[in-house]
Amino acid sequence: MKQLQLHVGIKTDPIEYRYSYEWLFRLLAEEGIHYAQLGTFHEIYSLPDEYFLNLKKQAEDFGVSIYSVFCAHREMGGFFREEPGWDLLARRDFGRLIEVGAVLGAASVGSNAGSVLRDRMGTKRAGIRRYISEMKQFMHHAKRCGVSWLTVEPMSCLAEPPTLSDEICGMAEELIQYHREHPDETSMFGYCSDVSHGYADRGRQVRADHVELLKASFPYLYEIHLKNTDECYDRTFGFSEDERKRGIIQIDEMRDLILAHADEIPVDTLIGYFEISGPKLGRDYSDPLLEANLRESLRYLRDTFRTDLTPGPSPSMERGDLPPLPPGEGWGEGSARPGVSGRTALEKGEGWGEGDQSSIEIAPSMMCADLCHFEESVRRLEREGIRTLHFDIMDAHFVPNMPIGLDLLRQIRPRTDCLFDVHLMVENNDFFVEQLAEIGISRISVHAESAVHLDRTLALIREKGIKTGVALNPATPPTVLSYILNRLDFVLVLTVNPGFAAQTMVPFGIRKIADCRAFLDRHDLRIPIQVDGNVSFENIPQMVAAGADILVGGTSSVFSKTGSIRENIRHARDAIAEGLQLRNR
Numbered sequence: 001m002k003q004l005q006l007h008v009g010i011k012t013d014p015i016e017y018r019y020s021y022e023w024l025f026r027l028l029a030e031e032g033i034h035y036a037q038l039g040t041f042h043e044i045y046s047l048p049d050e051y052f053l054n055l056k057k058q059a060e061d062f063g064v065s066i067y068s069v070f071c072a073h074r075e076m077g078g079f080f081r082e083e084p085g086w087d088l089l090a091r092r093d094f095g096r097l098i099e100v101g102a103v104l105g106a107a108s109v110g111s112n113a114g115s116v117l118r119d120r121m122g123t124k125r126a127g128i129r130r131y132i133s134e135m136k137q138f139m140h141h142a143k144r145c146g147v148s149w150l151t152v153e154p155m156s157c158l159a160e161p162p163t164l165s166d167e168i169c170g171m172a173e174e175l176i177q178y179h180r181e182h183p184d185e186t187s188m189f190g191y192c193s194d195v196s197h198g199y200a201d202r203g204r205q206v207r208a209d210h211v212e213l214l215k216a217s218f219p220y221l222y223e224i225h226l227k228n229t230d231e232c233y234d235r236t237f238g239f240s241e242d243e244r245k246r247g248i249i250q251i252d253e254m255r256d257l258i259l260a261h262a263d264e265i266p267v268d269t270l271i272g273y274f275e276i277s278g279p280k281l282g283r284d285y286s287d288p289l290l291e292a293n294l295r296e297s298l299r300y301l302r303d304t305f306r307t308d309l310t311p312g313p314s315p316s317m318e319r320g321d322l323p324p325l326p327p328g329e330g331w332g333e334g335s336a337r338p339g340v341s342g343r344t345a346l347e348k349g350e351g352w353g354e355g356d357q358s359s360i361e362i363a364p365s366m367m368c369a370d371l372c373h374f375e376e377s378v379r380r381l382e383r384e385g386i387r388t389l390h391f392d393i394m395d396a397h398f399v400p401n402m403p404i405g406l407d408l409l410r411q412i413r414p415r416t417d418c419l420f421d422v423h424l425m426v427e428n429n430d431f432f433v434e435q436l437a438e439i440g441i442s443r444i445s446v447h448a449e450s451a452v453h454l455d456r457t458l459a460l461i462r463e464k465g466i467k468t469g470v471a472l473n474p475a476t477p478p479t480v481l482s483y484i485l486n487r488l489d490f491v492l493v494l495t496v497n498p499g500f501a502a503q504t505m506v507p508f509g510i511r512k513i514a515d516c517r518a519f520l521d522r523h524d525l526r527i528p529i530q531v532d533g534n535v536s537f538e539n540i541p542q543m544v545a546a547g548a549d550i551l552v553g554g555t556s557s558v559f560s561k562t563g564s565i566r567e568n569i570r571h572a573r574d575a576i577a578e579g580l581q582l583r584n585r
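Just so we're aligned: 312 in this note's numbering is position 312 of the sequence shown, and the numbers increase by one with no gaps anywhere.
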């Protein structure tokens with residue numbers, strides 16, 4: 001029997017017109033859920049591609065993959081209507097939905113087939129034929145767009161086919177056969193089944209329970225919806241402790257059933273999307289209840305349904321771009337490039353001055369992070385292999401700003417094993433050194449311009465077991481370091497005037513880096529040069545070529561609004577690789 005991997009995700013329906021996607025993605029990241037199925041909303045068919053590109057970036061920033069797109073409102077039922085215009089509307093909207101899925105990089109796009117009007121049940125057979133004919137054309141469109149699967153959800157009433165086993169098998173067999181006949185021109189077809197769907201007749205007698213209908217879909221199953229229901233399949237709800245007591249869906253039994261029939265299921269990895277509408281929408285007393293319900297249900301599903309704790313899907317799922325890995329699972333695509341690293345030489349067992357000088361470190365400037373969600377920003381950076389965080393501590397005297405205080409460092413220090421690199425822009429350096437030593441800091445740089453007794457301050461830092469650096473304002477020449485070279489572990493070159501983010505590099509910034517490197521070389525001192533100030537994608541190659549070893553990335557690179565943190569760090573690493581080529585010519 002094959003090893004079928006089961007993962008947990010969520011369909012986004014409950015936040016519709018209630019909470020932002022950022023709110024949901026943050027919640028998923030906190031709960032260790034890495035997959036989302038985007039549910040449709042009225043505006044989805046009219047929004048431009050740019051909206052969905054930004055949504056994809058936002059999800060990736062939280063380590064979430066929008067792996068599927070699925071209808072939420074039965075809006076694709078136009079092929080079951082005989083009135084003029086309904087089929088045209090359904091054709092236009094589903095075609096656009098496939099395109100949206102492609103922009104998001106989703107592996108599948110799906111819907112329920114639609115509804116036959118209760119007073120027109122005699123049109124059902126013709127409606128099914130129209131629907132199947134249209135689906136064949138959509139399979140071509142999906143293939144052209146790069147969407148691997150189209151899915152349909154079997155439903156719980158005879159007016160919404162497919163419902164019973166014969167319909168489930170009949171519709172799937174015809175569409176899968178069509179794909180077999182046109183394998184290079186069509187996307188694959190499968191079901192997005194629901195563990196809570198069974199069939200009860202007008203007398204509320206159950207004629208086919210959820211187990212029977214789920215098993216009928218196994219040979220065609222691609223993805224699955226997870227929700228709870230009552231014994232008559234009348235209402236659906238989640239998996240909080242109270243809901244589990246009144247519901248009939250036992251997730252452990254569903255999991256075991258699926259795994260027992262793994263050889264029948266055509267994929268090696270199956271994602272179960274938690275699907276609920278949530279509490280009453282638009283009430284001050286009900287909307288705030290959603291978060292607790294989602295968290296409790298997702299924790300239960302994560303611990304009960306999921307079989308493999310690694311979040312990456314199997315290659316058989318037919319999508320090339322895998323979601324980012326969580327902390328400790330790897331650095332992702334592009335991070336293994338020789339000489340480009342998120343780690344310091346010290347972490348790799350090398351001493352500065354003895355290690356490989358081509359190993360360039362990215363140290364994100366945390367004053368540019370989202371201070372309202374600071375720990376979350378740290379987690380995003382950790383996922384991308386970042387191991388050093390740069391903190392600017394100011395006193396509003398040496399520079400007219402004070403964005404980050406010591407208490408922030410105290411609170412975040414126990415929550416990450418990243419190295420802390422502190423740049424002091426203060427008048428009383430020794431006071432702050434004493435405070436920082438108690439917090440647990442790896443590196444401290446002080447300004448040559450602010451230290452009254454620079455040698456004494458550097459000696460104090462060394463006594464605390466902390467690496468020492470001296471920061472040089474743009475107009476300060478490297479020669480001021482002449483008499484304290486033996487105290488230095490690194491030099492910080494400011495390429496903007498200190499105190500504020502989002503500045504433009506001074507005109508002589510690159511030359512200043514090169515001059516500093518030449519000065520150190522003349523004294524046979526192989527220590528890193530850290531560069532801070534407009535470390536942008538455009539400037540990084542020249543900075544690295546001039547001799548920069550540690551790049552403090554802020555609003556023009558790591559935290560740029562033009563991309564997600566994941567994309568920005570990849571872009572920065574590409575720029576570093578370009579700079580190394582220039583340096584080694």
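From the three backbone atoms N, C-alpha and C, an ideal C-beta is built for every residue, glycine too.
Predicted model only: the values in this text are computed from it and were never measured.
Among the options, nearest to residue i - alpha-carbon criterion
i              : options                           : result
histidine 423  : Ala200, Phe490 and Gly547         : Phe490
tyrosine 587   : His523, Ala142 and Val496         : One cannot answer for residue 587 here, as it falls past the ends of the chain, which runs 1 to 585.
leucine 294    : His7, His141, Trp23 and Arg415    : Trp23
aspartate 549  : Ile540, Leu485, Lys11 and Ser557  : Ile540
arginine 573   : Gly440, Ile461, His453 and Glu384 : Glu384
asparagine 568 : Glu578, Asp61, Leu55 and Tyr222   : Asp61
leucine 436    : Glu16, Lys464 and Pro414          : Lys464
glutamine 250  : Ala262, Val211 and Ala260         : Val211
Collapsed DSSP secondary structure at residue i in the structure displayed
i                : result
tyrosine 67      : strand
aspartate 256    : helix
serine 297       : helix
tyrosine 178     : helix
serine 20        : coil
histidine 197    : coil
glutamate 361    : strand
lysine 2         : coil
tyrosine 222     : strand
alanine 36       : strand
aspartate 392    : strand
glycine 190      : strand
glutamine 137    : helix
phenylalanine 41 : coil
threonine 562    : coil
glutamine 58     : helix
leucine 492      : strand
glutamine 435    : helix
glutamine 640    : Past the boundaries of the shown model lies residue 640; the chain is included only from 1 to 585, so the question cannot be answered.
Whole-Å CB distance - residue i paired with residue j, under 8 Å assumed
i                 : j                 : result
valine 446        : valine 470        : 6 Å
leucine 301       : phenylalanine 239 : 6 Å
glutamate 427     : aspartate 392     : So it is not a contact: roughly 15 Å between Cβ atoms.
arginine 583      : alanine 545       : 5 Å
phenylalanine 274 : lysine 11         : 7 Å
isoleucine 386    : leucine 409       : Actually they are not in contact, since the Cβ atoms of isoleucine 386 and leucine 409 sit about 17 Å apart, beyond 8 Å.
leucine 270       : isoleucine 224    : 6 Å
Proximity below 9 Å, CB of residue i to CB of residue j
i                 : j                : result
phenylalanine 189 : methionine 139   : yes
tyrosine 220      : alanine 208      : no
alanine 363       : aspartate 421    : yes
valine 535        : threonine 495    : yes
valine 195        : lysine 215       : no
aspartate 521     : proline 477      : no
phenylalanine 80  : serine 111       : no
tyrosine 191      : threonine 163    : no
alanine 599       : proline 161      : Since the first residue shown for the chain is 1 and the last is 585, residue 599 is missing from the structure and cannot be characterised.
proline 586       : methionine 425   : Not covered by the structure: residue 586. The range shown for the chain is 1 to 585.
asparagine 473    : alanine 451      : no
glycine 63        : alanine 29       : yes
alanine 72        : phenylalanine 41 : yes
lysine 143        : tyrosine 178     : no
alanine 55        : leucine 38       : Note that residue 55 is leucine in the sequence shown, not alanine. In contact: leucine 55 and leucine 38 (Cβ atoms closer than 9 Å).
Classification of residue i by the beta-carbon crowding that lies within 10 angstroms, buried from 16 upward
i                : result
phenylalanine 52 : buried
glutamine 205    : exposed
histidine 390    : buried
proline 507      : exposed
methionine 1     : exposed
lysine 280       : exposed
aspartate 13     : buried
leucine 460      : buried
serine 133       : exposed
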